[in-house]
Each structure stands twice: as structure tokens, then as C-alpha cells.
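Enquirer:
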Amino acid sequence: MVARRLNSKGSKRMSEPTLIEQTRADLAAIDTELAALDTAKAAAIRTAASFATWKADFDAKQAERERLAALVDAIEAEDAAAKVAADAAALRQRHADRKAANEKLASRIQADLKKANAILLALVRDVAEAAAEDAAVNAALPDDLEALVPADVLARTRAGLARKDLATERVWLWTLADTGMLIGDQDSVTDCGEGRGRIGTGAYTKLCRLALFEQTEYHPAAPAERPQSLWQMRLPQPDGPRFAYDGTRCNYPAAVLAELARDAIASEPRERPVEIELHLVPTVDEVVA
Numbered sequence: 218m219v220a221r222r223l224n225s226k227g228s229k230r231m232s233e234p235t236l237i238e239q240t241r242a243d244l245a246a247i248d249t250e251l252a253a254l255d256t257a258k259a260a261a262i263r264t265a266a267s268f269a270t271w272k273a274d275f276d277a278k279q280a281e282r283e284r285l286a287a288l289v290d291a292i293e294a295e296d297a298a299a300k301v302a303a304d305a306a307a308l309r310q311r312h313a314d315r316k317a318a319n320e321k322l323a324s325r326i327q328a329d330l331k332k333a334n335a336i337l338l339a340l341v342r343d344v345a346e347a348a349a350e351d352a353a354v355n356a357a358l359p360d361d362l363e364a365l366v367p368a369d370v371l372a373r374t375r376a377g378l379a380r381k382d383l384a385t386e387r388v389w390l391w392t393l394a395d396t397g398m399l400i401g402d403q404d405s406v407t408d409c410g411e412g413r414g415r416i417g418t419g420a421y422t423k424l425c426r427l428a429l430f431e432q433t434e435y436h437p438a439a440p441a442e443r444p445q446s447l448w449q450m451r452l453p454q455p456d457g458p459r460f461a462y463d464g465t466r467c468n469y470p471a472a473v474l475a476e477l478a479r480d481a482i483a484s485e486p487r488e489r490p491v492e493i494e495l496h497l498v499p500t501v502d503e504v505v506a
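In this note's numbering, each residue carries its 1-based index in the sequence shown increased by 217.
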């Protein structure tokens, strides 16, 4: 990590080199000096004294280079080990944080599902009872009364949309002269003038003519969308792996009320079953053997 310091006024000084950066710089400088000594060797060998001086300098710098290279390797190994340790510590902290967060979320799941299920189960019951009453009333209606629309349908049906014209203009377009059929690729027609043209080549040439069309840009009509019955939802248990309510196979109000009754009974606390198993006890002779 690059060290940073603040002066008395709080301004940052220029970043100081790290130990590994300084060591690498010293190693590069030694390599430069050794290269210069290698060049100077030819002149140093002229006399014993100059060569002795050169040799002592070369050996000292060579030893220093060996030391710096070993130091670089040692620092890099230490940094790598420190990074591994830091990553391991960070992972352990992340694991601890996630474990605590999951325990907190699990408590929230139980609490929020209990609240949501209490609201939704009451709503499902009311919708089923209302649908049963609507069906009974509609079955006895006289001709001058409209059938009741279930509350679920009133609340959740998406109304249909009528077509809506946006803009209208008249345009000249190429058509086949013999059939009047509109040509899809208008740019493929060769204009021959006076509202005439041709398309294709050779024996496949077709005569064309311009025709006036009224072009309208519009939003298309959209049909109404009737919702699936509200009671066909599934509600997960807040403290178990199953469903507190499963209405996926309920097609009528009576089936919904029966399912609610079964779920209420199933949610009541029950004693754990007790079972018995037998294991043959070995005799004394068998144990000794």
C-alpha cells in the first residue's frame, strides 16, 4: 500500500514509494551500474591495479544485486502471504455478516408471512363466500335484472380498449396493373412516368400503376382480460416447507371453503409419532468371542 502523509495544513504530500518499489528501483540502478562496469572491463584489464579496483567494485555490486534480488523475492512472498491472509479474513467476515443477515431475514420472513397470510386467507374466504352468494342470487334472477359480477372480477379485470385512429393521409402506391394488388416492396418498381411502372425482368416483368390509398395510423383494439380466480393462489407456510393454503385445484367456492377448513386443521399442533424398533442383543459368549 502506498503511504500518504498530511502536512500541518492538511494538504497531501507526494506519495512515498513502498518498500518493494524502492527495492526494485535500487535493483534496476545496480543493473545499470553493472552494465557500465561490464563495458569498463576492457579498459580495467590493462593493469593489475586498475583491474583489482574494477574487480572489487564489480564484486561488491554483484553481491548487492544478489541481496536486492533476494529481498524482492522475500517482499513479494510476504505481500502474497499477507494478501492471502487478508482475503481469508475478509471472507470470514463476509460469512459472519451473511449469517447474521440471513438469521434476521428468516425472522422477518416468518413475521411478514404470518401477517400477509392472515390478511390473504381472510380475503380468500370472503371472496369465496361472496362468489357462492352471487351464484345463488344469479340463479334466481328475474329477466329484468342483470347478473351480478363477482367482486374479484370487478377489482381485477383489465378493461378492453377500442380502436383509436391517430392520423389519416392519402398516399400514392404502386399496384399490379392487372389485379390491383398492392406491391409490398415499393422501391423495387421502376417508374415509367405518367403513373405507370414495371417490376421484374424479362419474361417475369409485370406492369404496374399508381393507385391512391387512404392511410390511417391507429392504436388497435385490445380485448378485455378476465383474471384468474383470486382463490387459486398459493400461500407458503411462514414456519414450514409446505403451503398454508393451496387453491390451485379449487374451481368452485365450495372447494375453496373446504380447502381452508383442511388447512386450518392441518395447521393445528400435533404430537410427534412414536415408533418402536428392535435390535438383537448379543449373548455373553458372542461378546467374548
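Even for Gly, the Cβ is constructed at its ideal location relative to N, Cα and C. As the structure is a prediction and not an experimental result, all values here were calculated from the model.
For L474 and chain D, any beta-carbon pair shorter than 9 Å?
Expert: The displayed structure is made up of one protein chain only, and chain D is not part of it.
Enquirer: By Cβ distance, which residues of its chain are closer than 8 Å to Y435, with the 5 residues on each side in sequence left out?
Expert: The residues are R380, K381, D382 and L383.
Enquirer: Classify P486 as helix, strand or coil using the three-state DSSP reduction.
Expert: In the structure shown, P486 sits in coil (DSSP, three-state: anything other than H, G, I, E or B).
Enquirer: For Y462, which residues does DSSP report across the bridge?
Expert: According to DSSP, Y462 bridges with L452.
Enquirer: Any idea if E476 is buried or exposed, counting beta-carbon neighbours within 10 angstroms, 16 or more meaning buried?
Expert: Classification for E476: buried.
Enquirer: Here's the rule I'm using: 16 or more other beta-carbon atoms within 10 Å means buried, otherwise exposed. How should V344 be labelled?
Expert: Answer is buried; the Cβ neighbour count reaches 16.
Enquirer: Could you pull out every residue in the same chain whose Cβ sits closer than 8 Å to the Cβ of R451, ignoring the five residues on either side in sequence?
Expert: If we look at R451 and ignore the five residues flanking it on each side, its Cβ neighbours are F460, Y462, D463, G464 and T465.
Enquirer: Which parts of the region 394 to 446 are runs of the beta strand (DSSP E), unbroken and 3 residues or longer, counting only runs that do not cross its ends?
Expert: Counting only runs of 3 or more, we get 407 to 410, 413 to 416 and 423 to 436.
Enquirer: Just how far apart, CA to CA, sit V501 and L495?
Expert: Straight-line Cα distance between these residues: approximately 19 Å.
Enquirer: Measuring from the CB of A471, is there a heavy atom of the ligand FMN at a distance below 8 Å?
Expert: The ligand content of the structure shown is nil, which means the ligand FMN is not present either.
Enquirer: Look at the alpha carbon of Y421 and the alpha carbon of P444, and state the distance between them as a whole number of angstroms.
Expert: Straight-line Cα distance between these residues: approximately 54 Å.
Enquirer: Using the DSSP secondary-structure output, state which residues sit across from E386 in a beta bridge.
Expert: Paired residue(s): Q432.
Enquirer: Enumerate in chain order the residues of its own chain whose CB-to-CB distance from S228 is below 8 Å, with the five nearest sequence positions on each side excluded.
Expert: Caution is warranted here: a pLDDT of 41 is assigned to S228, below 50, making its placement in the model unreliable, and the coordinate value is therefore given only provisionally. Closer than 8 Å at Cβ, skipping near neighbours: no residue.
Enquirer: Reducing DSSP to helix, strand and coil, say where T235 ends up.
Expert: Residue state, collapsed to three classes: coil.
Enquirer: Expressed to the nearest angstrom, what Euclidean distance is found between the alpha-carbon atoms of S267 and V301?
Expert: The alpha-carbon atoms of S267 and V301 are separated by roughly 51 Å.
Enquirer: Could you tell me the alpha carbon to alpha carbon distance between M218 and I237, rounded to whole angstroms?
Expert: Its pLDDT being 35, under 50, M218 is placed unreliably by the model, and nothing is read from it.
Enquirer: Report all residues from its chain with a CB closer than 6 Å to the CB of R375; omit the five preceding and five following residues, and keep chain order.
Expert: Only E442 meet the Cβ criterion.
Enquirer: Restricting to runs no shorter than 3 residues, where is the beta strand (DSSP E) found entirely within the region 297 to 332?
Expert: Counting whole runs of 3 or more residues, the region 297 to 332 contains no beta strand (DSSP E) stretch at all.
Enquirer: Tell me the residue span of the alpha helix (DSSP H) that contains L371.
Expert: Unbroken alpha helix (DSSP H) run through L371: A368 to R373.
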